[in-house]
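Right, one structure below, let's go through it.
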Amino acid sequence: MARKADEPLVLGIETSCDETGVGIVRGHTLLADAVASSVDEHARFGGVVPEVASRAHLEAMVPTIQRALKEAGVSAKDLDGIAVTAGPGLAGALLVGVSAAKAYAYALGKPLYGVNHLASHICVDQLEHGPLPEPTMALLVSGGHSSLLLAPDITSDVRPLGSTIDDAAGEAFDKVARVLNLGFPGGPVIDRYAREGNPDAIRFPRGLTGSRDPLYDFSFSGLKTAVARWIEAKRAAGEEVPVADVAASFQEAVVDVLTRKAVRACKDEGVDHLMIGGGVAANTRLRAMAERRCEDAGITLRVPRPKLCTDNGAMVAALGAEMVARGRAASSWELSADSSLPVTETHVPAEEHEHGQAHSHAHGHGHAHDHDHVHELSKKNLYES
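Each residue of the sequence shown is one higher than the one before, starting from 530 at the first, in our numbering.
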């Protein structure tokens, strides 16, 4: 049975931080989501060490790709394209993924798509809840990003409305967990302790919520400092720190600001859907408060299951598949990693003049590059799975 033109089979590679993610999708259907995490190797340092992450990606890349192909029950030669996170993220880690994607795409004769990490976090929701409404309002919260984005077209038009001016939400979770001696990463452990605490026990500050503050920007540095000083004062007085109450009160301050600003952005822009993504979207209190506030405001909430909120290859494959289905230009072999790739660049297309290619493989299906100088036997031995 012939595959529909809008259901391309795409493999996605994600290496922006400490997780090697490889996903395979067919259209909006997830076939495989393989992840190799190096988080345990970073835990003793209290945060991600870029060089350690890069080396872990190198070791995990080929086995993870092979595992994804096996899980999906497809052959590499059947792919319609290969997508990879080109940025933003850790430069060294990104380079491992980009290099691997270029090698596979080149050897297989498949189009290559360098895509944006943040746009991928939005697009992954299509694998859970179907096509994104246009426009979509997205709240992305992770260790490196806290952003409000308006996406009229996830493949070509993503507009930043607000972002963090200092610590991202996930970063604040990690730092507060460190002060409380709870380990790394901080998000899951703070969430766990907070369930036993009183969110109203301590009134921590809500950053950038004054009448003269930017409407959609975020700031969690002051909150982090306030929590640390409160804990220090307790310890200096010889008093026991109520860990559960601190965790709950801190978490409440974060999710209060995130959801308040997100709902306001939806109202101001006339958007009746809110999508929440990124690692912090797995937080149970964030999900609960967002659900209540969206319901009160008549806004439909879309949040992927927790595994799809954290960094993964499925989200990259999802955006890559959408690029293929909508005929977006593929990237060139000169694609490189960009650690500060702006979200407005949802992907990195080739210039029209590069190598005389206009990337006429608009839909990618049945496409093969003319690489006569690549030994066919080597291609078969290395990449035919």
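Where is the CB? At the ideal position from N, CA and C, for every residue including glycine.
{"Item": "Under 9 Å between C-beta atoms of Ala846 and Val539", "Value": "yes"}
{"Item": "For Gly541, the residue or residues it bridges with in DSSP", "Value": "Gly552 and Ala612"}
{"Item": "Bridge partner(s) assigned by DSSP for His802", "Value": "Thr829"}
{"Item": "Whole-angstrom C-beta distance between Ala561 and Ala589, which should lie under 8 Å", "Value": "So it is not a contact: roughly 15 Å between Cβ atoms."}
{"Item": "Three-state secondary structure assigned by DSSP to Val877", "Value": "coil"}
{"Item": "Counted within 10 angstroms of its Cβ, other Cβ atoms place Pro510 as buried (16 or more) or exposed", "Value": "One cannot answer for residue 510 here, as it falls past the ends of the chain, which runs 530 to 914."}
{"Item": "Every unbroken alpha helix (DSSP H) inside the region 557 to 593 [4 residues or more]", "Value": "568 to 572"}
{"Item": "Cβ-Cβ separation, Gly699 to Ser671 (assumed contact under 8 Å), whole Å", "Value": "5 Å"}
{"Item": "Distance between Thr873 and Ser676 (C-alpha atoms, nearest Å)", "Value": "12 Å"}
{"Item": "Cutoff 7 Å; reference Phe733; Cβ partners in own chain excluding five residues on either side", "Value": "Leu752, Ala755, Val756, Ser778, Phe779 and Ala782"}
{"Item": "Nonlocal neighbours in the same chain, by C-beta distance under 8 Å from Gly556, ignoring five residues either side", "Value": "Lys533, Asp535, Glu536, Pro537, Ala850 and Ala854"}
{"Item": "Nearest-angstrom beta carbon gap, Ala612 and Val627 [assumed within contact, 8 Å]", "Value": "Their Cβ separation, rounded to whole angstroms, is 11 Å, which puts Val627 and Ala612 out of contact at 8 Å."}
{"Item": "In DSSP terms, what Asn645 is bridged to", "Value": "Gly616"}
{"Item": "Rounded straight-line distance, which links the Cα of His650 to that of Gly806", "Value": "6 Å"}
{"Item": "Alpha carbon of Pro871 to alpha carbon of Ala620, nearest angstrom", "Value": "14 Å"}
{"Item": "Neighbourhood of Lys763 by C-beta distance below 7 Å, restricted to the same chain and skipping five residues each side", "Value": "Val770"}
{"Item": "Beta carbon of Arg735 nearer than 9 Å to that of Val775", "Value": "no"}
{"Item": "DSSP bridge partner residues for Ala680 (one or two, in chain order)", "Value": "Thr665"}
{"Item": "Distance between beta carbons of Leu848 and Ile731, contact taken as under 8 Å", "Value": "40 Å between Cβ atoms; not a contact."}
{"Item": "Alpha carbon of Ala706 to alpha carbon of Pro617, nearest angstrom", "Value": "25 Å"}
{"Item": "Whether Val784 touches Ile828 by CB criterion (9 Å)", "Value": "no"}
{"Item": "Bridge-paired residues (DSSP) for Gly691", "Value": "Leu677"}
{"Item": "CA nearest to the CA of Leu559, picked from Ala859, Thr788, Ser869 and Lys836", "Value": "Lys836"}
{"Item": "CB contact flag (Ser748, Asp695, <9 Å)", "Value": "yes"}
{"Item": "Integer-rounded CB distance, given that Ala667 should sit under 8 Å from Ala680", "Value": "6 Å"}
{"Item": "C-beta atoms of Val568 and Gly842 nearer than 9 Å", "Value": "no"}
{"Item": "Same chain, Cβ closer than 6 Å to Ala634, five either side skipped, listed in chain order", "Value": "Ile611 and Leu641"}
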